[in-house]
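Its first residue numbered 113, the sequence shown is counted upward by one per residue in our numbering.
To keep things clear, I will list the structure first and then write my remarks on it.
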Amino acid sequence: MNNPQHLRYSKEHEWLSDVEDGVATVGITEHAANALGDVVFVQLPAAGDSVTAGESCGELESTKSVSELYSPVDGEIVEVNQDVADDPSLVNSAPFGGGWLFKVRVAGEQQELLSADEYTAYTAG
């Protein structure tokens, strides 16, 4: 599995882009998308919602199960990916691209996230 080097990863299998102008993009990893199977519904937080690192902020429903979506950082939701809400299969087909889930204005210090190599080792174990 190819985890992009420029992203950071949570142990709950979310990725976080670099913070630009205080805002970062969040999605789930290819590892998580593959484990879920075909995603058929997403429940995302709404713009304006506050999120807390490590706490649930939505759900991903697949043909196999329902999984919680966790925020990797504290902050305020500034945008959700309407394309994913309309076509949840984007989470499977492009987890690191068009399948991103939301953008968050990061508040305070970020929790410790894994590098791509650390996440690859974590998921291999």
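Idealized CB from N, CA, C, for every residue including glycine.
Taking all protein chains in view, the Cβ of F214 is crowded by 16 or more other Cβ atoms within 10 Å, so the residue is classified as buried. Contact check for N193 against A145 fails: the beta carbons are separated by 8 Å or more. Separation of F153 and A159 (C-alpha to C-alpha, rounded to the nearest whole angstrom) is 18 Å. Collapsing the DSSP output to three states places L202 in a helix. Under the three-state reduction of DSSP output, E230 falls in the helix class.
Looking at the backbone, the Cα of E180 and that of Y231 are separated by about 19 Å.
Burial of G211 is indicated by the presence of at least 16 other C-beta atoms within 10 angstroms of its C-beta. If you ignore the 5 residues before and after V218, its C-beta comes within less than 8 Å of the C-beta of V131, G134, V135, A136, V185, D186, G187, all in its own chain and listed in chain order. Around the beta carbon of N114, fewer than 16 other beta carbons lie within 10 angstroms, which makes this residue exposed.
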